[in-house]
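Position 375 of the first sequence, counted from 1, bears residue number 428 in this note's numbering, the numbering being contiguous throughout.
We treat Cβ as the ideally placed atom computed from N, Cα and C, and that holds for glycine.
As structure tokens, the structure follows; a few thoughts come after it.
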Amino acid sequence: MINSIRGFNDILPPETSIWQQVEKEARGIFAAYGFSEIRVPIVEKTGLFSRSIGETTDIVEKEMYTFADRHGESITLRPEGTAPVVRAYIEHKIYGNDPVAKFYYLGPMFRYERPQKGRFRQFHQIGAEVFGIDDPAVDAETLEMLVSLFQRLGLEGVSLQINSLGCKECRPLYKEKLLNFLQDKKSQLCQDCQRRYEINPLRTLDCKSPGCVEITSHAPSILDAVCGGCKNHFEKVKEYLALSHVNFSLNPKMVRGLDYYIRTTFEITALGLGSQNAVAAGGRYDGLVKDLGGPDVPGFGFAIGMERLAMLLQDNGQWRVDSGQSPVFIVILGDKAEASAFGLIKNLRQNGVRLERDYGNKSIKAQMKRADKLGAKFVLILGDNELASNSVAIKNMESGEQEKVSLDRVGEKLKTLIGVSL
RNA sequence: GUGGGCGUAGCUCAGCGGUUAGAGCAUCGGACUGUGGCUCCGAGGGUCGGGGGUUCAAAUCCCCUCGUCCACCCCA
């Protein structure tokens with residue numbers, strides 16, 4: 054037998070109904086904020102990702118699904134959504150239509166990592182991107198939209214943490230400061246952080262090892278080190294968030310894994326996700342559009358981890374797994390009834406009745422059992438007795454009451470019983 | 001890539017050297033021949049993840065391998 058590839062999971066009902074509802078809410082809210090859906094390919098030329106995400110990031114160095122196509126060109130299954138959207142933005146010269154463009158997308162992403170709780174090789178994101186405005190109001194408003202979506206979904210126990218990573222001018226200066234601070238403490242850092250010290254010193258800030266946490270707690274804060282422009286931008290973001298009644302906390306030690314982020318970055322974390330506790334994250338990426346060959350257009354965006362979100366919604370219980378109307382079941386007894394049932398069944402279904410049936414001439418008992426199992430509130434019974442009087446029996450499964458209704462009035466009767474509009 | 005836990009029926013698991021591998025739930029049937037839920041009775045369903053080894057005897061012990069889960073790295 055052939056099973057699925059490691060880290061590539063099937064999403065089965067009834068869980069798919071959670072996904073559908075999340076997607077529906079997201080589309081609704083994003084539309085209200087002026088975002089339109091964009092659909093981009095799931096495979097791109099490899100260079101798009103290595104240039105945008107950063108050559109030396111873990112994603113590019115060891116997590117990409119990269120293949121040579123039949124002409125030998127290196128192509129990659131997208132590990133994230135921002136780069137393809139930026140590519141499309143530039144390719145179609147969308148900046149020419151309007152100084153502002155807002156897009157959202159949803160779909161699978163791929164990273165070759167070891168699967169664990171909340172982490173898969175194929176996972177799904179819902180993301181949004183705003184191009185063209187570097188005003189801090191965009192940062193705040195987009196965050197507010199995201200928080201609103203989570204509220205609408207009834208998500209509890211999540212917290213928003215924000216930070217500023219400075220810009221291309223001031224971040225290198227902070228990096229120097231941090232390196233100076235760490236220099237004489239390097240030997241006390243954990244193995245990983247000694248490596249981080251060389252590769253990406255900012256990463257030492259969010260190390261989980263107690264020793265490193267202690268050391269970096271005395272490190273200079275990036276929020277004190279950023280330049281005037283960045284500081285001002287960040288102050289405004291915080292101010293606007295407060296005006297929007299969005300709760301947040303500052304986390305000057307939060308670092309992002311993608312090189313293109315500058316200034317505002319954030320993460321929404323939740324309890325109950327295990328070690329991978331971020332359910333959404335993002336930030337500002339002025340400069341990325343230009344780096345990828347477009348005009349110097351600023352950007353801001355985020356991505357939500359669908360699997361993680363679905364996990365949280367499932368765990369906090371009050372999620373109604375199946376919001377659909379309960380089905381009506383039709384019990385068919387005998388070949389003659391079967392023959393005359395086809396027309397009735399088609400008619401009812403086309404009028405919006407969610408109608409289930411059994412196949413293969415099963416006993417009435419077996420059919421009733423299945424009707425009960427499926428949660429049918431009403432059962433139609435069609436057998437020789439009913440055919441003789443050109444009627445069908447309708448049984449109320451809660452009260453056990455049963456009555457005969459003539460065939461041409463079944464639809465009408467069901468309408469009054471279950472409120473289907475016919 | 002590294003470390004640890006776990007792989008026995010569709011699902012959750014028991015059995016941990018000794019008859020023919022079990023239970024609960026689920027499925028199917030019967031008691032109740034055209035009426036569900038409750039109860040009772042019965043049936044089907046297993047290469048005990050795979051391969052090799054030790055032994056008179058392996059689901060059980062050893063080795064290898066695959067899968068899965070959790071954690072690290074890193075990230076949504």
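The alpha helix (DSSP H) enclosing residue i, as first and last residue numbers
i: Q236; result: C223 to Q236
i: G396; result: D388 to Q403
i: R407; result: Unbroken run through R407: none, as it is neither H nor E.
i: G100; result: T99 to I106
i: I82; result: E68 to A85
i: A154; result: Element bounds for A154: not the alpha helix (DSSP H) but the beta strand (DSSP E), A154 to F163.
i: A295; result: G281 to L296
i: A278; result: I275 to A278
Where residue i falls: helix, strand or coil (DSSP)
i: G171; result: coil
i: L202; result: helix
i: N414; result: coil
i: H145; result: coil
i: L475; result: Residue placement at L475 is poorly supported in this model, since its pLDDT is 49, which falls under 50; the coordinates still yield a value, given next. Coil, per DSSP.
i: S459; result: strand
i: Q378; result: coil
i: G453; result: coil
i: L341; result: helix
i: F59; result: According to the sequence displayed, residue 59 carries Arg and not Phe. Note: R59 maps to coil in three-state DSSP.
i: E465; result: helix
i: N438; result: helix
i: E209; result: coil
i: E90; result: strand
i: T269; result: helix
i: V113; result: helix
i: V96; result: strand
i: K448; result: strand
i: L258; result: helix
Beta-carbon proximity check, residue i vs residue j, cutoff 7 Å
i: I434; j: A424; result: no
i: G180; j: G125; result: no
i: L386; j: G436; result: yes
i: V51; j: F353; result: In the structure displayed, the chain extends from 54 to 475; residue 51 sits before or after that span and is not available.
i: D259; j: K306; result: yes
i: G310; j: D368; result: no
i: L232; j: V308; result: no
i: I64; j: L366; result: no
i: V406; j: V381; result: yes
i: T322; j: A331; result: yes
Residue i: first and last residue of the uninterrupted beta strand (DSSP E) it sits in
i: A331; result: A331 to R337
i: G352; result: G352 to G358
i: R248; result: Looking at the DSSP string, R248 is not in any beta strand (DSSP E); the run it does join, the alpha helix (DSSP H), is Q244 to I252.
i: A323; result: I315 to A323
Whole-Å CB distance - residue i paired with residue j, under 8 Å assumed
i: R174; j: Y165; result: 6 Å
i: S217; j: V279; result: 6 Å
i: V432; j: S444; result: Contact flag wrong, Cβ pair sits at about 15 Å.
| field | the segment 151-160 in contact with the segment 108-117 per 3-pair CB rule at 8 Å | value | no
| Counting Cβ pairs closer than 8 Å, one from the segment 332-347 and one from the segment 228-248, do we hit at least three? | The segment 332-347 vs the segment 228-248: no contact.
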